[in-house]
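These notes concern the structure reproduced below.
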Amino acid sequence: MNVFVTGAAGFIGGSIATGLVQAGHTVTGLVRSAEQANELKALGITPVIGTLDDNALLAEQARAADAVINAASSDHRGAVEALLDALRGSNKVFLHTSGSSIVGDASGGKSSDVIYFEDNLPEPTVDKAARVAIDNLILAAAKDGVNSAVICNTLIYGHSLGVNRDSVQLPRLLKQARKSGVVRHVGTGRNIWSNVHIEDVVALYLLALTKNVPGTFYFVESGEASFIDMTTAMAQALNLGQPQDWPLKDAEAEWGYEMANYGLGSNSRVRGKHARELLGWAPKRTSVVEWIRNEMV
1 MNVFVTGAAG FIGGSIATGL VQAGHTVTGL VRSAEQANEL KALGITPVIG
51 TLDDNALLAE QARAADAVIN AASSDHRGAV EALLDALRGS NKVFLHTSGS
101 SIVGDASGGK SSDVIYFEDN LPEPTVDKAA RVAIDNLILA AAKDGVNSAV
151 ICNTLIYGHS LGVNRDSVQL PRLLKQARKS GVVRHVGTGR NIWSNVHIED
201 VVALYLLALT KNVPGTFYFV ESGEASFIDM TTAMAQALNL GQPQDWPLKD
251 AEAEWGYEMA NYGLGSNSRV RGKHARELLG WAPKRTSVVE WIRNEMV
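The opening position of the sequence shown corresponds to residue 1 in UniProt numbering, with each subsequent residue numbered one higher.
Right, dumping it as structure tokens:
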């Protein structure tokens with residue numbers, strides 16, 4: 001297939017684009033700079049330089065492609081609207097990348113027993129309402145001739161498939177640890193996130209290209225872990241003793257409001273059946289703690 005991928009120079013989008021090329025697909029990737037364009041060319045990806053604000057460019061690429069994967073931003077409504085407008089009535093596949101912080105509780109590192117399922121999502125918090133509205137817009141487009149899906153990734157770990165980029169959450173902890181000599185987590189670190197390895201994420205996108213049921217929402221997870229378990233493994237891998245609790249205000253000063261409260265300080269516990277049952281997805285990696293201990297550093 002001829003696939004157009006936004007965010008093709010990023011961790012998720014770049015890994016997907018590389019995986020698509022390795023699987024024999026033709027890939028055009030949206031990037032922001034000539035430097036990123038050269039990176040993509042080296043991986044066999046055709047670059048297009050532009051931004052998510054270039055509606056005409058997005059529409060042109062969507063019409064020319066057999067399928068579109070939006071991996072640049074979960075929150076850019078204008079880009080989603082431009083892509084959907086170009087795809088309506090075509091029955092082409094449109095895979096949109098969301099993230100499971102949409103069910104994050106901003107608990108400040110406290111634990112929670114609440115688990116969310118694909119067919120029973122909660123009302124979003126004020127912070128996440130706009131993202132959920134975009135997800136719903138995409139799912140509704142299935143009624144307008146778009147083979148649409150929302151792929152809602154959990155905490156992604158693993159090394160990038162081709163492009164030299166980091167994932168969002170664990171590398172923040174690692175960078176802070178290397179800078180300070182102390183591994184830290186938000187609050188007591190008892191908060192739990194579902195997680196998935198990047199290679200399993202790429203495998204799911206590849207399956208969804210040909211097997212997606214229009215209008216499906218997928219949670220992408222193959223296990224879960226508390227942050228104190230992850231930071232303990234990180235401290236062991238770095239030989240830095242025991243991880244330390246960190247007050248939320250100090251975490252916010254280091255990582256910003258969004259990352260401290262939702263990316264690293266919340267619970268996001270979900271279960272995904274749709275990928276397994278509808279796509280036949282069978283993740284191969286199930287222990288983020290084992291990966292941190294043996295492969296992260």
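The beta-carbon is built from N, C-alpha and C at its ideal position, and this holds for glycine as well. Given the structure is predicted, the values throughout are model-derived calculations rather than measurements.
Between the options, which has its C-alpha nearest residue i's C-alpha?
{"i": "L204", "options": "F4, G19, N2 and T188", "result": "G19"}
{"i": "G215", "options": "A62, I228 and V146", "result": "V146"}
{"i": "L139", "options": "Y218, M234, W281 and K110", "result": "Y218"}
{"i": "T286", "options": "L173, N2, A225 and D75", "result": "A225"}
{"i": "N55", "options": "D75, L83 and S74", "result": "L83"}
{"i": "A141", "options": "R32, A37 and N91", "result": "N91"}
{"i": "T6", "options": "H25, G29 and I16", "result": "G29"}
{"i": "A237", "options": "Q36, G24, V182 and I198", "result": "V182"}
{"i": "A67", "options": "R293, L209 and V297", "result": "L209"}
{"i": "R131", "options": "N294, V93 and V103", "result": "V103"}
{"i": "A65", "options": "S112, W246, M1 and A17", "result": "M1"}
{"i": "K110", "options": "M259, A251 and I192", "result": "I192"}
{"i": "I198", "options": "G50, S167 and A260", "result": "S167"}
{"i": "Q36", "options": "E258, G13 and N120", "result": "G13"}
{"i": "L174", "options": "L248, Q61, S194 and E295", "result": "E295"}
{"i": "R190", "options": "G241, W246 and L161", "result": "W246"}
{"i": "Y262", "options": "Q169, K211 and D119", "result": "Q169"}
If you follow the alpha helix (DSSP H) that residue i is part of, which residue opens it and which one closes it?
{"i": "P47", "result": "Taken as a continuous stretch (DSSP letters only), P47 belongs to no alpha helix (DSSP H), being part of the beta strand (DSSP E) at T46 to I49."}
{"i": "L139", "result": "A129 to A140"}
{"i": "T18", "result": "F11 to Q22"}
{"i": "E81", "result": "R77 to L87"}
{"i": "Q169", "result": "Taken as a continuous stretch (DSSP letters only), Q169 belongs to no alpha helix (DSSP H), as it is neither H nor E."}
{"i": "A260", "result": "Careful: A260 lies outside any alpha helix (DSSP H) and carries neither H nor E."}
{"i": "E290", "result": "V288 to W291"}
{"i": "N38", "result": "A34 to A42"}
If you measure between the beta carbons of residue i and residue j, is that distance less than 7 Å?
{"i": "G187", "j": "G108", "result": "yes"}
{"i": "P171", "j": "S222", "result": "no"}
{"i": "V213", "j": "L264", "result": "no"}
{"i": "H159", "j": "F227", "result": "no"}
{"i": "L52", "j": "A79", "result": "yes"}
{"i": "A235", "j": "P243", "result": "yes"}
{"i": "I45", "j": "V31", "result": "no"}
{"i": "F94", "j": "S148", "result": "yes"}
{"i": "V3", "j": "H25", "result": "yes"}
{"i": "R293", "j": "A251", "result": "no"}
Suppose the cutoff is 6 Å on Cβ atoms and the five residues either side in sequence are ignored; what does the same chain contact list for residue i look like?
{"i": "W291", "result": "Y157"}
{"i": "D229", "result": "V289"}
{"i": "H96", "result": "N70, I138 and V150"}
{"i": "I134", "result": "R77 and V80"}
{"i": "L207", "result": "L279 and W281"}
{"i": "R63", "result": "A86"}
{"i": "D75", "result": "R131"}
{"i": "A17", "result": "V5, A8, V27, G29 and I45"}
Taking only heavy atoms of the ligand SAH into account, decide whether any of them is closer than 6 Å to the Cβ of residue i.
{"i": "T125", "result": "This structure simply doesn't include the ligand SAH, nor any ligand for that matter."}
Apart from the five residues just before and just after residue i, which ones in its own chain have a Cβ nearer than 7 Å to its Cβ?
{"i": "V220", "result": "I151, C152, N153, T154, V196, V201, L204, G272 and A275"}
{"i": "G256", "result": "none"}
{"i": "E39", "result": "A9 and V163"}
{"i": "P124", "result": "I102 and V132"}
Closer than 8 Å by C-beta to residue i: which residues in its own chain qualify, once you throw out the five before and the five after it? Chain order, please.
{"i": "G10", "result": "A71, A72, V163 and R165"}
{"i": "V114", "result": "D105, N267 and R269"}
{"i": "R88", "result": "A141, D144, G145 and V146"}
{"i": "P122", "result": "V103 and Y116"}
{"i": "S112", "result": "D105, N191, I192, N267 and R269"}
Over the uninterrupted beta strand (DSSP E) stretch that includes residue i, give me the two end residues.
{"i": "W246", "result": "Q244 to W246"}
{"i": "R184", "result": "R184 to V186"}
{"i": "I192", "result": "I192 to H197"}
{"i": "A225", "result": "E224 to S226"}
Who are residue i's beta bridge partners in DSSP?
{"i": "V3", "result": "V27 and A67"}
{"i": "H96", "result": "N70 and V150"}
{"i": "V220", "result": "N153"}
{"i": "Y116", "result": "V270"}
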